[in-house]
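Chains as they are written, first to last, in my numbering: chain V, 169 to 772; chain P, 100 to 239.
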């Protein structure tokens with residue numbers, strides 16, 4: 169699958185999921201941290217406020233004790249009764265401790281500490297310089313109503329009160345400031361919280377949105393790609409299906425076990441099986457093939473493809489037995505279907521009906537046989553009409569009064585001429601009459617007969633013939649077919665040689681050899697050569713192809729093709745060499761025939 | 100039968116056939132000269148006062164058509180009867196000669212045709228046309 173710019177693979181998708189999960193967690197942790205820090209600040213401020221409160225309370229307590237002290241002293245001064253002095257004494261006891269407390273509460277504030285120290289000094293002064301002497305005076309029963317003295321005491325106490333007032337005032341001021349500070353802090357915190365909440369909310373929203381967009385884009389791209397793929401696959405399948413249906417050959421696909429999966433209409437028509445009937449059946453049931461002549465079962469194409477693991481052309485001369493038992497000549501081939509790893513997952517079998525092709529070929533062969541005879545027709549007509557003419561003239565002479573001596577002479581001549589006709593007629597029939605099995609053919613005899621038939625043609629063409637035909641050289645063959653080959657080759661040679669040319673026909677025994685690359689059995693070699701202009705290279709390569717002719721309307725283009733077919737059938741070899749040089753131009757055809765050949769029933 | 104002895108030249112490469120034909124014509128009252136090939140036939144044709152020619156078509160070297168055309172060039176008045184073992188001779192060859200026939204048709208026809216060559220023009224043409232017509236039908 170190709171990477172698409174819009175597509176997201178699984179690991180990218182997981183990363184997006186992690187991001188979308190982690191971002192809010194981190195953002196909330198940061199917010200909580202900020203909040204904690206703010207609250208810590210606010211708490212500190214509250215502690216300071218409480219501190220201020222404690223200071224005010226302590227200062228108020230000290231102030232009350234001072235009042236108690238003064239009122240106790242005044243009561244004692246007025247009454248002289250010691251009981252009135254009790255509050256003074258109590259306050260005196262407490263004050264020391266409470267002053268210490270007040271100092272502790274003041275903490276590190278130097279202004280407050282100095283105020284307190286000052287206050288303590290003044291209280292000590294009031295105590296030492298006014299209260300103690302006054303009490304001593306009262307105890308001694310002295311006069312204490314002195315205005316000057318009392319005014320001095322009052323001044324001292326006023327000073328003390330003023331100090332206490334200032335201390336409380338300062339503390340209250342501090343407290344007010346701290347409360348204001350705390351308020352500001354809370355405000356700031358609220359504001360920050362709001363901004364943070366908004367910011368994080370927006371951030372998370374935007375981030376999540378962008379991530380989701382990416383995912384959704386990727387998803388829609390994937391959907392698009394999938395849709396396109398599906399469409400492409402559908403189209404491709406349609407294309408292949410239509411191709412398969414329109415193809416002129418039968419096509420059968422099988423799975424790896426050789427069970428039929430699909431047959432195109434031609435395959436259904438040729439085998440006679442419908443798709444439903446054939447589906448899942450072993451191929452050999454549906455595609456039942458035997459050898460044309462031996463009737464032996466031909467190797468199952470699936471097995472053959474599997475065995476060779478390659479494209480195979482199946483055996484020649486295969487007959488397909490259809491479902492209804494009728495037969496068709498077919499040509500076929502098989503090929504493995506491979507998956508991406510190269511393993512065979514099925515087999516495709518392509519085959520076609522060659523019955524018509526075979527019949528056409530047979531008709532061509534028969535036609536060529538007739539054409540050979542046709543080319544000899546002139547010779548035959550000449551060779552029969554000339555003796556006939558003589559014989560009929562001789563008969564006329566005898567009928568119209570001839571001496572016995574003359575008659576005997578005429579009869580001898582007539583017999584001679586009739587023998588000629590018989591010979592010609594035999595030679596001609598030899599072209600057609602064919603034995604069922606190969607027979608021993610004397611090559612000298614056969615070639616002489618053929619040359620007799622062609623004598624006239626040679627003289628018409630002005631071609632000189634030389635022969636070298638040793639006797640007692642025979643090969644097993646189908647005589648009519650060999651006659652066809654040699655007639656063909658000798659006619660070609662004579663036509664190539666042309667007026668004034670020469671044709672040489674020779675036969676020689678071939679001892680055979682078992683050494684060398686090509687093992688040759690014992691046999692005979694017939695060489696037919698001419699001294700014509702020769703055949704050029706480009707023509708030479710086409711000579712044995714059907715319908716190739718250099719003779720225009722005069723030729724069928726089948727002569728050499730058929731000749732080679734016949735020689736091959738006889739297990740022989742036909743070779744053509746040609747020379748176009750001025751010095752030694754000419755063409756030679758060599759036909760090797762084995763003495764005891766293995767006849768290939770199928771021919772080519 | 101010819102009253103006065105006409106001189107006929109027979110040309111054929113078939114020696115037996117030529118010999119028998121000579122005998123046949125001599126028995127019929129003609130004087131006969133023979134030649135085994137076209138070239139020799141032309142030589143005799145030039146030198147002897149030949150009155151008619153019985154010419155074979157198919158001969159090695161020079162075929163009857165060529166021989167006839169050369170004869171026409173030198174003595175166009177001498178009638179020529181062309182014999183052939185083939186059927187289907189080329190039209191230009193047929194138009195060159197006076198009469199033609201296929202070998203093996205028999206001696207009476209040969210003699211009849213040869214005789215017609217010596218008939219006065221009107222009779223010959225009538226006779227010849229009749230026979231020729233039949234022949235040309237069978238030929239074509």
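Just so you know, even glycine gets a beta-carbon here, dropped at the ideal spot from N, CA and C.
Contact under 8 Å by Cβ, residue 619/V with residue 633/V: For this step, residue 619/V is matched to residue 451 along the first chain. For this step, residue 633/V is matched to residue 465 along the first chain. Yes; because the gap between Cβ atoms is below 8 Å, this pair is in contact.
CA-to-CA distance, residue 539/V to residue 420/V, given in whole angstroms: The residue given as residue 420/V occupies position 252 in the first chain. The residue given as residue 539/V occupies position 371 in the first chain. If you take the alpha carbons of residue 420/V and residue 539/V, they lie about 42 Å apart.
Cβ-Cβ distance between residue 182/P and residue 154/P below 8 Å: Counted from its first residue, the second chain places residue 182/P at position 83. Counted from its first residue, the second chain places residue 154/P at position 55. With contacts defined by Cβ atoms closer than 8 Å, residue 182/P and residue 154/P form a contacting pair.
Cβ shell of residue 588/V (< 6 Å), same chain only, five flanking positions each side left out: Mapped onto the first chain, residue 588/V falls at position 420. Hits under 6 Å: 555.
Residues that DSSP places opposite residue 674/V in a beta bridge: For this step, residue 674/V is matched to residue 506 along the first chain. Looking at the DSSP assignment, residue 674/V forms a beta bridge with 636/V, 695/V.
Residues sharing a beta bridge with residue 154/P, DSSP: In the second chain, residue 154/P corresponds to position 55, counting from 1. Its beta-bridge partners are 110/P, 181/P.
Status (buried if at least 16 other CB within 10 Å, exposed otherwise) for residue 201/P: As a working mapping, residue 201/P is identified with position 102 in the second chain. Burial call: buried.
Among 224/V, 740/V, 383/V, 410/V, nearest to residue 336/V - alpha-carbon criterion: Translated into positions along the first chain, residue 336/V becomes position 168. When only C-alpha atoms are compared, the closest one is 224/V.
Pairwise C-alpha distance: residue 113/P and residue 190/P: For the purposes of this step, residue 190/P is taken as the residue at position 91 of the second chain. For the purposes of this step, residue 113/P is taken as the residue at position 14 of the second chain. Residue 190/P and residue 113/P: Cα-Cα distance of roughly 24 Å.
Cβ neighbours of residue 530/V in the same chain (closer than 7 Å, five flanking residues each side left out): Taking the first chain and counting its residues from 1, the one referred to as residue 530/V is at position 362. Closer than 7 Å at the Cβ level, and outside the excluded window around residue 530/V, lies no residue.
Segment limits, beta strand (DSSP E) that includes residue 497/V: Locating residue 497/V in the first chain gives position 329, where the first residue counts as 1. Taken as a continuous stretch (DSSP letters only), the beta strand (DSSP E) holding residue 497/V covers 495-506.
Integer-rounded CB distance, given that residue 184/V should sit under 8 Å from residue 377/V: Taking the first chain and counting its residues from 1, one reaches residue 377/V at position 209. Taking the first chain and counting its residues from 1, one reaches residue 184/V at position 16. Cβ atoms of residue 377/V and residue 184/V stay farther apart than 8 Å, at about 12 Å.
DSSP beta-bridge partners of residue 454/V: Translated into positions along the first chain, residue 454/V becomes position 286. Paired residue(s): none; residue 454/V is not in a bridge.
Any C-beta of chain P under 8 Å from that of residue 616/V: By 1-based counting over the first chain, the position of residue 616/V is 448. With 8 Å as the cut-off, residue 616/V does not count as an interface residue toward chain P.
Cβ neighbour criterion (16 or more within 10 Å) applied to residue 624/V: Taking the first chain and counting its residues from 1, the one referred to as residue 624/V is at position 456. Result: buried.
Residue 186/P at chain V interface by Cβ criterion, 8 Å: Locating residue 186/P in the second chain gives position 87, where the first residue counts as 1. For residue 186/P, a Cβ of chain V is located within less than 8 Å of the residue's own Cβ.
The stretch 387-402 of chain V touching the stretch 474-494 of chain V, judged by at least three CB pairs closer than 8 Å: With the cut-off at 8 Å, the stretch 387-402 of chain V and the stretch 474-494 of chain V do not touch.
Three-way DSSP call (helix, strand, coil) for residue 221/V in this model: Looking up residue 221/V in the first chain gives position 53. In the structure shown, the three-state DSSP call for residue 221/V is helix.
Sequence-distant residues of its chain with Cβ nearer than 8 Å to residue 505/V (five each side left out): One-based indexing of the first chain puts residue 505/V at position 337. The answer, listed in chain order, is 421, 512, 513, 514, 515, 516.
Test: residue 119/P CB closer than 8 Å to a CB of chain V: By 1-based counting over the second chain, the position of residue 119/P is 20. Yes, because at least one Cβ of chain V sits closer than 8 Å to the Cβ of residue 119/P.
Beta-carbon proximity check, residue 707/V vs residue 662/V, cutoff 8 Å: Your numbering for residue 707/V matches position 539 in the first chain. Your numbering for residue 662/V matches position 494 in the first chain. Note that the C-beta distance between residue 707/V and residue 662/V is not below 8 Å.
Three-pair Cβ contact test at 8 Å for the stretch 172-179 of chain P versus the stretch 139-153 of chain P: Counting Cβ pairs under 8 Å, three or more are found: they touch.
Coarse secondary structure for residue 129/P, derived from DSSP in three states: For the purposes of this step, residue 129/P is taken as the residue at position 30 of the second chain. In the structure shown, residue 129/P falls within a coil segment according to DSSP collapsed to helix, strand and coil.
C-alpha distance - residue 245/P paired with residue 163/P, whole-angstrom precision: With chain P covering 100 to 239 only, the question about residue 245/P has no answer from this structure.
Rounded C-alpha distance that separates residue 106/P from residue 130/P: Translated into the one-based positions of the second chain, residue 106/P becomes position 7. Translated into the one-based positions of the second chain, residue 130/P becomes position 31. Using only the alpha carbons, I get a separation of about 5 Å.
Where residue 699/V falls, given that 16 or more other Cβ within 10 Å makes a residue buried: Residue numbering aside, residue 699/V sits at position 531 when the first chain is read from its first letter. Using a 10 angstroms sphere on the CB of residue 699/V, the tally of other CB atoms reaches 16 or more, which defines it as buried.
Bridge-paired residues (DSSP) for residue 755/V: On the first chain, position 587 is the one that residue 755/V refers to. Paired residues: 698/V, 746/V.
Residues of the stretch 186-202 of chain P whose Cβ lies closer than 8 Å to any Cβ of chain V, in chain order: So the list reads 186, 201, 202, given in the order they occur along the chain.
Integer Cβ distance of residue 253/V from residue 244/V, believed to fall under 8 Å: Within the first chain, numbered from 1, the residue matching residue 253/V stands at position 85. Within the first chain, numbered from 1, the residue matching residue 244/V stands at position 76. The pair is a contact, with the Cβ atoms about 4 Å apart (cut-off 8 Å).
Residues in the stretch 629-648 of chain V having any Cβ partner in chain P nearer than 8 Å: Listed in chain order, the positions of the stretch 629-648 of chain V with a beta carbon within less than 8 Å of a beta carbon of chain P are 630.
Exposed unless 16 or more other CB atoms sit within 10 angstroms - verdict on residue 233/P: Within the second chain, numbered from 1, the residue matching residue 233/P stands at position 134. Any reading at residue 233/P is ruled out, since the residue's pLDDT is 38, under 50, leaving its predicted position unreliable.
Buried or exposed by the 16-neighbour rule on C-beta atoms within 10 Å, applied to residue 374/V: Position 206 of the first chain, counted from the start, is the residue given in the question as residue 374/V. Label assigned to residue 374/V: exposed.
Nearest neighbour of residue 265/V, chosen from 280/V, 295/V, 299/V, 229/V [CA to CA]: Residue 265/V sits at position 97 when you count from the first residue of the first chain. Nearest option by C-alpha distance: 229/V.
CB contact check: residue 753/V to chain P, cutoff 8 Å: In the first chain, residue 753/V corresponds to position 585, counting from 1. It does not; no Cβ of chain P falls within 8 Å.
Per DSSP, the bridge partner or partners of residue 519/V: Looking up residue 519/V in the first chain gives position 351. In DSSP, residue 519/V forms a bridge with 418/V, 500/V.
Straight-line Cα distance separating residue 572/V from residue 121/P: As a working note, residue 121/P is residue 22 in the second chain. As a working note, residue 572/V is residue 404 in the first chain. Between residue 121/P and residue 572/V, the C-alpha separation is close to 19 Å.
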